[in-house]
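With the numbering used here applied, the sequence shown corresponds to residues 66 to 541, in that order. Below you'll find the structure, written out as structure tokens, and then a few comments.
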Amino acid sequence: MAQKRPNFVFILTDDQGWEDLGCFGHSACFGRYKIQTPVLDKLASEGVRVTNFYVNSPVCSPSRVGFMTGQYPARHGIDFAIHGQAAEDQAIGQKNLLEPTAPNLASVLSDAGYETAHFGKWHMSGAWNAKNNPDAPDAGDYGFDNWACNAMRGEPLWRTDQGEVQAQHTSSEAIVNRSLEFLEGRNATKPFLLNVWFMDPHGVLDPSPEQMEEFRELTPFRGDSDKDSGAMCVYYSAIANLDRQIGRLLDGLDDLGLADNTVIVFTSDNGPAPVWDTGTSNSGAGRTGPFRGIKASLYEGGVRMPFIARWPGRTPKDVVDNDTIMSATDLLPTFCSMAGIEPPPGLDGQDMSEAFLGNSVQRDGALFWEFRFGSWGRHIQFSLRYAMRKGNWKLMMNASGSKSELFDLSRDPSETADCSRYEPEIVADLAAELIAWARSLPSWGKSDQEGFRTYPWPQAGGCAEIAEDVLGSAEG
């Protein structure tokens with residue numbers, strides 16, 4: 066008997082850092098408080114954790130475009146968070162939406178007979194601002210049969226397959242409720258794709274007093290204002306509730322007898338926001354583990370995300386894959402492979418289904434990034450405009466090529482020792498690839514700006530010695 070095509074449940078959180086899960090090594094805060102994620106920890110123990118998983122942008126909209134299309138978001142003219150009005154995006158040289166005609170997860174699987182659903186955050190067209198841009202395409206225009214997408218933060222208007230409705234715009238519980246309704250009422254003769262895209266833990270967070278009780282004694286993250294006081298208490302409470310809601314979703318799959326034939330994928334769209342970010346002050350408690358960088362930075366903390374996959378009966382239990390270098394662009398060709406579907410042409414991603422079986426996969430080529438809008442937070446987070454990873458080497462470069470940084474991530478995952486002075490041939494080889502990739506991208510009227518802010522870093526004392534130590538250990 067031919068094996069049934071698997072269902073897919075794609076769980077995406079918003080601004081959750083690499084270390085914001087217990088199973089990715091979250092360390093105790095002040096010796097006793099830890100983020101509680103027992104559901105996700107259990108999911109990881111039943112499947113595979115990929116520790117070198119990358120999103121294609123350090124901010125929301127382009128990251129989601131990479132997941133959906135299997136292509137670098139710059140190919141679609143989306144480099145930054147999409148605004149409500151097209152003029153705002155035109156002013157910064159980007160498009161206001163992902164074209165509905167672009168191949169994407171929903172349309173490809175729908176054409177192959179899958180029922181498709183999306184609940185939660187969208188942010189790939191002006192439809193996320195339902196009030197100001199009512200004519201923008203909705204999720205249904207991209208191939209989703211069932212959908213409910215939030216509007217802007219602070220605006221409780223949702224656009225759904227049943228029209229516009231009022232709802233709690235940040236509620237993880239509401240997103241899971243709609244997901245469970247879909248699972249219960251779906252066409253049982255078809256396999257399905259279900260996107261469950263949470264807004265948490267992106268600020269503004271609003272856990273209930275009951276949810277915060279467990280963490281109420283946490284020392285305030287910053288004590289200079291009431292708004293920032295207790296940010297970790299709020300953040301940890303939101304993460305714990307998010308974990309509980311994911312538990313409800315997984316329980317629903319079990320109760321409906323769907324779990325055994327359903328591939329679960331969990332990850333985040335980019336690194337955590339800085340604590341000073343207006344309107345998202347409670348997001349600043351996110352953590353990136355050993356990595357430098359946060360949201361809006363091309364250092365590892367901005368683009369390297371936690372990744373968990375479970376395929377019951379196929380994925381070995383409790384696998385930690387430290388060797389596969391995986392990208393968000395890989396999801397579309399990987400899902401196609403699992404479903405026995407021919408992927409659309411022109412994808413930047415590759416089939417990583419073997420990694421879902423517990424086997425490490427060798428990446429065919431390099432990964433590339435462009436982010437031209439400047440970093441946020443402390444100056445140490447500020448990254449250059451372009452980046453690439455090939456094997457263990459990561460090169461970062463500005464648009465003119467006058468500045469570059471080179472890191473050996475196998476020995477320096479925190480990106481503290483710039484080796485570019487000591488490996489000019491490697492820099493030259495990688496830079497040629499990076500420049501060729503950058504020149505292959507459509508311009509969409511964007512400028513050659515280096516970012517909103519730069520900082521003239523001096524050469525810190527001891528950097529040469531650190532780099533030499535890294536290179537010496539590499540040679541040994």
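Where a beta carbon is used, it is the ideal one built from N, C-alpha and C, also for glycine.
query: Over the uninterrupted beta strand (DSSP E) stretch that includes Tyr-364, give me the two end residues.; result: Tyr-364 -> no beta strand (DSSP E), and no H or E assigned at all.
query: Which residue marks the beginning of the beta strand (DSSP E) containing Lys-459, and which one marks its end?; result: 458-462
query: Rounded to the nearest angstrom, what separates Asp-79 and Phe-263 at their Cα positions?; result: 6 Å
query: Looking at C-alpha atoms only, which residue of Ala-305, Lys-186 and Thr-102 is the closest neighbour of Gly-87?; result: Thr-102
query: Nearest CA to the CA of Gly-158: which residue from Thr-166, His-148, Pro-165 and Ala-167?; result: His-148
query: With H, G and I counted as helix, E and B as strand and the rest as coil, what does DSSP make of Phe-263?; result: coil
query: Please work out which residues of its chain come closer than 7 Å, Cβ to Cβ, to Gly-378, disregarding the five sequence neighbours upstream and downstream, and give them in chain order.; result: Asp-325
query: Hey, Trp-458 and Leu-363: beta-carbon distance below 7 Å or not?; result: no
query: Roughly how many angstroms lie between the CA atoms of Ser-475 and Asp-144, to the nearest whole one?; result: 28 Å
query: Would DSSP call Asn-424 helix, strand or coil?; result: coil
query: Going by the beta-carbon positions, is the gap between Asp-210 and Pro-165 smaller than 7 Å?; result: no
query: Given a cut-off of 7 Å, decide if Ile-500 and Gln-446 are closer than it, judged by their beta-carbon atoms.; result: no
query: Taking the beta carbon of Val-261 as the centre, do at least 16 other beta carbons fall within 10 Å, making it buried, or is it exposed?; result: buried
query: What three-state label does DSSP hand Val-384 in the structure shown?; result: strand
query: What residue range does the alpha helix (DSSP H) around Met-403 cover?; result: 396-404
query: From Phe-118 to Thr-380, what does the alpha carbon distance come to, in whole angstroms?; result: 17 Å
query: Does DSSP classify Met-370 as helix, strand or coil?; result: strand
query: Just checking my contact of Ala-201 with Leu-170 at CB under 8 Å: how many whole Å lie between their CB atoms?; result: Contact flag wrong, Cβ pair sits at about 20 Å.
query: Taking the beta carbon of Asp-413 as the centre, do at least 16 other beta carbons fall within 10 Å, making it buried, or is it exposed?; result: buried
query: With a Cβ-Cβ cutoff of 7 Å, do Ala-482 and Met-453 count as a contact?; result: no
query: For Asp-395, which residues of its own chain have a beta-carbon under 8 Å away from its beta-carbon, when the five flanking residues on both sides are left out?; result: Gly-135, Gly-414, Gln-415, Asp-416 and Met-417
query: Quick one: Cα of Ala-273 to Cα of Arg-243, how far?; result: The amino acid at residue 273 is misidentified as Ala; the sequence shows Ser. Distance between the alpha carbons of Ser-273 and Arg-243: 21 Å.
query: CA-CA distance, Asp-334 and Ala-146?; result: 12 Å
query: Report the three-state DSSP secondary structure of Phe-75 (helix, strand or coil).; result: strand
query: Please report the straight-line C-alpha distance between Ala-581 and Ala-152, rounded to a whole angstrom.; result: Past the edges of the chain, shown from 66 to 541, lies residue 581, and the structure says nothing about it.
query: Could you name the residues of the same chain whose beta carbon sits closer than 8 Å to that of Asp-106, not counting the 5 residues immediately before and after it, in chain order?; result: Leu-86, Gly-87 and Cys-88
query: Are His-188 and Trp-212 closer than 7 Å when you measure CB to CB?; result: no
query: State buried or exposed for Val-120, treating a residue as buried only when at least 16 other CB atoms are found within 10 Å of its CB.; result: buried
query: Have a look at Leu-506 and Gly-142 and give me their C-alpha separation to the nearest angstrom.; result: 9 Å
query: Can you tell me where the alpha helix (DSSP H) holding Asp-473 begins and where it ends?; result: Here Asp-473 belongs to no alpha helix (DSSP H); instead the beta strand (DSSP E) covers 469-473.
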